[in-house]
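Chemist: After the structure tokens below, expect a handful of questions from me.
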Amino acid sequence: MNKEKTIGWNFDNSYSNLPKSFIYEISPVPVKRPELVIFNHDLADQMGLNFSNVDNEQLAKMFSGNLLPKGSKSLAQAYAGHQFGHFTMLGDGRAVLLGEHVSKSNQRLDIQFKGSGQTPFSRNGDGRAALGPMLREYLISEAMYSLNIPTTRSLAVVKTGENVIREKPLQGAILTRVASSHIRVGTFQFIRTREKLNELNILVDYTITRHYPEISKSKNKAYDLLIKLIDKQIELVVNWMRVGFVHGVMNTDNMAISGETIDYGPCAFMDSYNLGTCFSSIDHMGRYAYGNQPAIVKWNLARFAECLLTLINPKKDEAVKIATEIIDKFDEQYEEKWFLMMKNKLGLIGNDREDKLLIFNLLELMNDQKLDYTNTFCFLMNQEIDDNKNYQNKKFDNWKMKWQKRLTKDSKKLMKINNPVIIPRNHNVENVLKSAEENDLSPFKNFLKALKNPYTNQKILTKYLSPGKKTGEKYQTFCGT
Ligand code: AMP
Ligand code: MG
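This is the structure we're talking about:
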């Protein structure tokens, strides 16, 4: 294939060289009538790929799995996980990894199809995905990237020309996901169940080579890997809290060792500030509510630590003691990072004894007055918002006066890079997805474009700045099946 040569794929598939227990070699199941819905040319450029000679028909074939790129070696990955606290064996039931593309800048990137047909891990599922949820992942993951939050990316969405049966028939689609890897806490949990020390060592070494080469010479790799992951996950969840992102399904299989946000199922952004914000239709107890996210990260990290115990110290009691000490430090570490993040959002430079109080008073005000989280900071930055009047009250004025006294020359600059003006608001997301499902992709593309510059006030785009009408009905999201 001449065209293929000019694209620049450079596969080097290290995961497929791991022991057979880690993987199941399998091809994507071909689809009937592939049709390209969207392709991320910017991302392709960043990956050093050039599709300019490839027409949409060819792209559809390539990104549906009907025509696999040379050098790929597709497989489903084995993993396990705690789902809502319950341990289960899982694995890629509707995804295949094509392999790793190594870019010119030496970035190793997983190329994965999601919705590509059944695998031995499918259990009762059909291995397929619907168009709406795949476009939703595309939109929100790309929005997260532009918000400067670690995340997997989306390269393409292709319709399959086949229906998937959910509550009603829906158009089938495949998403091409690009990730710095798909190793999850659940991957370690799976290997741990096998009780083979050599496999655990292989996984630890592989993960370190791929993500944390700086600890490859460490005396206790498992110990250092745990410390690294805690840092990465704190950084991630603090970022989620910064922009009001609610992941929605923080099962251990949806926590990546790379520290990237992964698996955009029922995720959504919070409107009015409330720690209990929870959108997922299946999360009845609010386990994964906005305010619970740090505690769940800690819980998941404890599960990760359990997988590593034998390597941390061969004496079980000693290992548990060491791991517990590390996990116990989470709260303090998180609070420090969270506090700094909130100071940045409010433009508080340097230290003042009253800073914590100032922050907590604002959060209380936002909670009591049901203020929009994003727009509160926009209001403080003097951005135009259409819920301005919500801030015209004595309590808010008093707080604002105290805050203003604390501002310095560079405060506004700091606020501007920490407070998004545009986020994927629920009503906007729903509207553009509805149009896309009815074959009008332009609202989706316009929204995507606006989300590329979330920290810049784009005057013409006021429709994206409004929290949306309060209908009294709770906004609900569904797992992307
Ligand atoms: P998720 O909720 O996407 O994180 O998926 C949890 C588990 O269910 C993973 O093992 C998936 O591969 C599997 N799964 C989700 N949807 C399907 C489907 N339609 N067919 C087969 N397996 C699925
Ligand atoms: Mg998942």
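All residue numbers for the sequence shown refer to the numbering used here, where the first residue is 805 and numbers rise by one.
Every residue gets a Cβ at the ideal spot worked out from N, C-alpha and C, and that includes glycine.
Only a predicted model underlies this, so the values are computations on that prediction, with no experimental measurement involved.
1. Is it right to say residue 969 is buried, meaning 16 or more other beta carbons lie within 10 angstroms of its own, or is it exposed?
2. Does DSSP classify residue 1151 as helix, strand or coil?
3. Nearest by alpha-carbon distance to residue 1253: which of 950, 876, 849 is it?
4. Which ranges would you report for the beta strand (DSSP E) in the segment 899-949 if only whole runs of at least 3 residues count?
5. For residue 1185, which of 1222, 962, 882 has the nearest alpha-carbon?
6. Under the rule that 16 or more other beta-carbon atoms within 10 Å means buried, what is residue 1146, buried or exposed?
7. Could you give the distance in angstroms between the alpha-carbon of residue 912 and the alpha-carbon of residue 903?
8. Please report the straight-line C-alpha distance between residue 1219 and residue 997, rounded to a whole angstrom.
9. With distances taken Cα to Cα, identify the nearest neighbour of residue 827 among 879, 948, 940, 839.
10. Could you tell me whether the segment 922-937 touches the segment 812-826, where touching means 3 or more Cβ pairs closer than 8 Å?
11. When every heavy atom of the ligand AMP is checked, does at least one fall within less than 8 Å of the C-beta of residue 917?
12. Just verifying my parser: in three-state terms, what is the DSSP assignment at residue 1110?
13. What's the call for residue 770, buried or exposed, on a 16-neighbour Cβ count within 10 Å?
14. For residue 976 versus residue 934, is the C-beta distance shorter than 9 Å?
15. Quick check: residue 1066 and residue 988, are their CB atoms within less than 9 Å of each other?
16. Please indicate yes or no: does the CB of residue 1053 lie closer than 8 Å to some heavy atom of the ligand AMP?
17. The ligand MG: which residues have Cβ under 6 Å from any of its heavy atoms, chain order?
18. Buried or exposed, going by whether 16 or more other CB atoms sit within 10 Å of the CB of residue 941?
19. Label residue 1030 either buried or exposed according to how many other C-beta atoms from any shown protein chain fall within 10 Å of its C-beta, with 16 as the threshold for buried.
20. Curious, which full-length beta strand (DSSP E) runs of at least 3 residues does the segment 825-897 contain?
21. Tell me the rounded alpha-carbon separation between residue 1131 and residue 1138.
22. Could you compute how far the alpha carbon of residue 1116 sits from the alpha carbon of residue 1160?
23. For residue 786, which of helix, strand or coil comes out of DSSP?
24. Less than 8 Å separating the Cβ of residue 932 from some heavy atom of the ligand AMP?
25. Assign residue 963 to one of three DSSP states: helix, strand, or coil.
26. For residue 1176, list the residues DSSP reports as bridge partners.
27. The alpha helix (DSSP H) that contains residue 1260, what's its start and end?
28. For residue 1282, list the residues DSSP reports as bridge partners.
29. Expressed to the nearest angstrom, what Euclidean distance is found between the alpha-carbon atoms of residue 888 and residue 1097?
30. I think residue 905 touches residue 814, with their Cβ atoms under 8 Å apart; what is that distance to the nearest whole Å?
31. Cβ of residue 1189 within 9 Å of Cβ of residue 1269?
32. If you drop the 5 nearest sequence neighbours on each side, which residues of the same chain put their C-beta closer than 6 Å to that of residue 1230?
33. Among the residues of its own chain, which have a CB less than 7 Å from the CB of residue 1165, if the five just before and after it don't count?
34. Indicate, with yes or no, if the ligand AMP has a heavy atom lying under 8 Å from the CB of residue 1046.
35. In terms of residues, what are the limits of the alpha helix (DSSP H) holding residue 1042?
36. Who are the near neighbours of residue 876 in its chain, counting only those whose CB is closer than 6 Å to its CB and skipping five residues on each side?
Modeler: Reading off the structure:
1. exposed
2. coil
3. 950
4. 899-906, 912-918
5. 1222
6. Buried is the call here.
7. 10 Å
8. 46 Å
9. 879
10. no
11. no
12. In the structure shown, residue 1110 sits in a helix (DSSP, three-state: H, G or I).
13. With the chain covering 805 to 1285 only, the question about residue 770 has no answer from this structure.
14. yes
15. yes
16. Checking every heavy atom of the ligand AMP against the Cβ of residue 1053, one is found closer than 8 Å.
17. 1057, 1058, 1067
18. buried
19. buried
20. Within the segment 825-897, the complete beta strand (DSSP E) runs of at least 3 residues are 827-829, 839-843, 879-881, 884-887, 890-893.
21. 11 Å
22. 37 Å
23. Nothing can be reported for residue 786, as the shown portion of the chain is limited to 805 through 1285.
24. yes
25. The three-state secondary structure of residue 963, taken from DSSP, is strand.
26. 1076
27. From DSSP, residue 1260 is part of no alpha helix (DSSP H); its letter is neither H nor E.
28. According to DSSP, which records beta bridges pairwise, residue 1282 is partnered with nothing at all.
29. 13 Å
30. 6 Å
31. yes
32. So the list reads 1072, 1279, once near-sequence residues are dropped.
33. Within the same chain, and ignoring the five residues on either side of residue 1165 in sequence, the residues whose Cβ sits closer than 7 Å to its Cβ are 1203.
34. no
35. 1025-1047
36. 815, 902, 903
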